[in-house]
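What follows is a set of notes on a single structure, which appears directly below.
Residue numbers (the working numbering): 9 to 761.
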């Protein structure tokens with residue numbers, strides 16, 4: 009019965025569709041739940057992703073969006089100018105441009121992208137570059153690609169024209185940049201240094217980088233999808249801060265004089281190199297600092313000597329780097345050397361200040377040519393014993409045994425105390441790159457032999473700048489002055505000037521001791537080894553020096569030097585001349601008094617008048633000299649008559665008739681000339697003739713004049729005796745009629761140290 013009822017019920021349900029309804033309802037509920045869970049899961053993932061983007065990557069994406077929607081134009085700052093003491097420009101920056109592109113964002117006006125091939129073709133033509141190299145650069149993965157740097161305005165104009173003609177609207181950046189130029193090329197190159205890789209790399213350019221460099225500015229602007237600027241009230245303008253101008257104590261004229269005579273001295277004496285420093289003793293101002301050889305600041309990576317150029321391509325990278333660093337070295341502050349007998353001034357000052365010696369006590373010292381110290385015999389430089397000497401006589405004759413005896417009186421403790429006081433154990437503190445520190449025996453390692461050799465300037469090493477700074481203290485009243493190379497810094501944006509006053513480090517010796525040192529230096533020039541340093545019309549004091557290399561460094565050769573002051577009563581100028589390994593072939597002297605003193609004389613004879621220091625001579629020219637008149641614009645006949653009436657010989661450098669007009673003359677009018685001098689007259693189109701200057705050293709005045717006149721060259725004579733120097737180097741090609749100035753001195757007996 010139950011079974012029948014159950015069957016009937018199922019049939020009824022089936023007929024009514026009740027079972028079917030319940031079954032389909034269960035399926036729908038299951039699917040809905042699955043979908044609901046899926047949507048919920050996706051929603052949670054979306055929330056997590058939004059949270060990640062918002063809180064984790066939000067800053068990065070915001071920055072990326074900002075960068076895509078803005079463009080930033082760099083406003084280059086101008087690097088400060090470097091001036092000399094007379095406001096002449098030594099280094100200056102000019103505005104140029106750097107051209108770059110944003111990869112994949114260079115578009116035409118219609119919004120289509122410009123192909124790399126098109127860009128490479130245009131850039132290679134505009135910037136004179138290789139097409140394949142440009143294309144390779146454009147195909148790189150960099151987002152910003154620099155195409156060309158230091159581009160001058162005419163080239164930028166060509167680029168703008170090309171972009172306009174090709175309807176290129178965006179993606180090529182032209183940003184302000186600067187180019188450093190050095191108007192005097194190689195003058196003072198080792199002092200000034202150069203600029204590269206957006207910073208000063210050597211010399212003043214490096215040491216004063218913080219003052220010279222500026223801070224670039226920016227303009228930030230909104231852009232559209234094609235990177236074109238759109239109006240934006242939030243545009244940011246950050247002005248550039250320009251670098252400050254730096255004014256040096258160097259004087260271009262004084263520097264030129266120093267380099268001219270140093271160059272001549274190195275070549276004449278076949279030296280390995282050399283340097284000259286000219287300072288103002290009272291302030292420490294460096295008026296000139298010359299090194300040989302120099303290099304061109306506008307091409308600082310180009311080898312500066314024929315020898316270096318000849319082997320450059322065969323050198324390794326390391327060898328090239330070492331050679332360039334040596335070429336750039338500021339030798340007066342970087343190279344160490346043994347000062348030799350010039351240091352005897354320091355030993356003498358110590359002895360006088362400590363009252364262990366007087367200037368003129370006869371027989372105070374004894375020179376028997378050889379002096380024994382401990383187990384060592386030390387020779388005097390002279391082949392003849394000097395006998396009994398005062399301190400003045402010892403300096404005049406540059407006697408080594410006398411200074412050894414003085415060093416023994418002083419003693420090691422006082423000697424080292426004054427080395428410290430004179431600043432010789434430390435760097436000078438001058439603000440230039442590459443200054444070296446001296447090398448002395450450690451105090452505990454200095455014994456009687458070491459003290460003996462140090463007393464006359466050997467077996468320790470200092471820089472030329474240290475020596476001239478210390479000697480300045482002995483002649484300026486006793487004050488150690490810090491060397492000064494920069495006198496002021498000027499902020500070019502505000503005009504504010506910062507004066508850098510001379511710095512007195514300390515009082516080292518008394519004015520009385522200083523006066524005695526000056527007096528003895530004067531005697532060295534009038535009666536001693538420094539006679540060749542004399543200058544007509546000026547009082548000059550000095551001291552010669554010749555340093556012998558130690559046994560283990562014989563290949564370095566001698567170092568010859570001379571230090572001079574003028575005027576002696578109140579020194580305005582101090583000059584140090586140093587020649588390394590002079591006459592290494594043995595064909596000449598290596599004595600400082602013989603080869604460096606004349607260079608100091610030449611330098612002083614030009615520098616003193618330039619600085620306005622009055623000569624005591626009644627006339628600066630030979631009394632028999634005549635001023636050459638101006639005969640240009642006259643007929644040949646009239647010009648010849650005028651010149652011959654003044655005692656000159658006339659050389660016609662033309663085939664024109666006597667009525668022709670003189671277009672030029674040589675020498676120029678206003679020159680002081682001896683009677684019988686040769687004057688060359690030219691008419692329009694006449695060619696000049698060149699002559700080779702002969703070697704006049706060792707000749708008498710008449711012999712030198714005859715040698716020059718035979719070549720149609722003129723002479724100017726300074727001093728008497730025999731020629732020790734000439735202002736134009738032998739072998740130089742000069743125009744007929746040129747004036748060669750020769751310096752004559754009486755021959756010294758027994759040579760000079």
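Cβ atoms here follow ideal geometry from the backbone N, Cα and C, with glycine treated the same way.
query: Close-in-space but distant-in-sequence residues of the same chain around residue 499 (CB under 7 Å, 5 per side omitted); result: 252
query: Selection from 538, 643, 671 that minimises the alpha carbon distance to residue 607; result: 538
query: Rounded C-alpha distance that separates residue 629 from residue 622; result: Confidence is the limiting factor: at residue 629 the pLDDT is only 47, short of 50, which leaves the residue's position unreliable, though a coordinate-based value still follows. Each residue's alpha carbon lies about 14 Å from the other.
query: DSSP-derived helix/strand/coil call for residue 705; result: coil
query: Buried/exposed call for residue 455, threshold 16 Cβ in 10 Å; result: exposed
query: Contact the stretch 454 to 473 vs the stretch 209 to 225: 3+ CB pairs below 8 Å; result: no
query: Identified DSSP bridge partners for residue 588; result: 281, 567
query: Reference residue 5, options 386, 637, 173, closest by Cα; result: Nothing about residue 5 can be read from this structure; the chain reaches only from 9 to 761.
query: Which of helix, strand or coil DSSP assigns to residue 269; result: helix
query: From 444, 432, 416, residue whose alpha carbon lies closest to that of residue 459; result: 416
query: Three-state secondary structure (DSSP) of residue 659; result: strand
query: Three-state secondary structure (DSSP) of residue 184; result: strand
query: Proximal residues to residue 146 (C-beta, below 7 Å), its chain only, five neighbours per side dropped; result: 124, 127, 128, 153
query: Beta-bridge pairing of residue 256 - partner residues as DSSP gives them; result: 494
query: Rounded straight-line distance, which links the Cα of residue 740 to that of residue 345; result: 31 Å
query: Collapsed DSSP secondary structure at residue 601 in the structure displayed; result: helix
query: Cα-Cα separation between residue 257 and residue 448, rounded to whole angstroms; result: 30 Å
query: Under the three-state DSSP convention, the category residue 449 falls into; result: coil
query: 7 Å Cβ shell around residue 12 - same chain, five flanking residues per side excluded; result: The predicted position of residue 12 is uncertain, since its pLDDT is 41 and thus under 50; a value taken from the coordinates is nonetheless stated next. Around residue 12: no qualifying Cβ.
query: Cutoff 8 Å; reference residue 507; Cβ partners in own chain excluding five residues on either side; result: 495, 496
query: Proximity winner among 409, 267, 510, 578, relative to residue 585 (alpha-carbon distances); result: 267
query: Start-end ranges of the beta strand (DSSP E) lying completely within the stretch 454 to 496, minimum 3 residues; result: 487 to 489
query: Cα-Cα separation between residue 724 and residue 281, rounded to whole angstroms; result: 29 Å
query: Under the three-state DSSP convention, the category residue 676 falls into; result: coil
query: Within 8 Å, strictly: CB atoms of residue 407 and residue 397; result: yes
query: Cβ-Cβ distance between residue 644 and residue 666 below 8 Å; result: yes
query: Endpoints, the beta strand (DSSP E) within which residue 514 is located; result: 512 to 515
query: Identity of the residues DSSP links to residue 742 by a beta bridge; result: 699
query: Which residues DSSP lists as bridging residue 635, in chain order; result: 680
query: Residue burial classification, residue 698 (beta-carbon count within 10 angstroms, cutoff 16); result: exposed
query: Residue 647 vs residue 701 beta-carbon contact at 8 Å; result: no
query: Whole-angstrom C-beta distance between residue 114 and residue 179, which should lie under 8 Å; result: 3 Å
query: Which of helix, strand or coil DSSP assigns to residue 275; result: helix
query: Helix, strand or coil at residue 688 according to DSSP, with G and I counted as helix; result: strand
query: Buried versus exposed, by CB contacts within 10 Å (16 or more), residue 319; result: exposed
query: Buried versus exposed, by CB contacts within 10 Å (16 or more), residue 102; result: exposed
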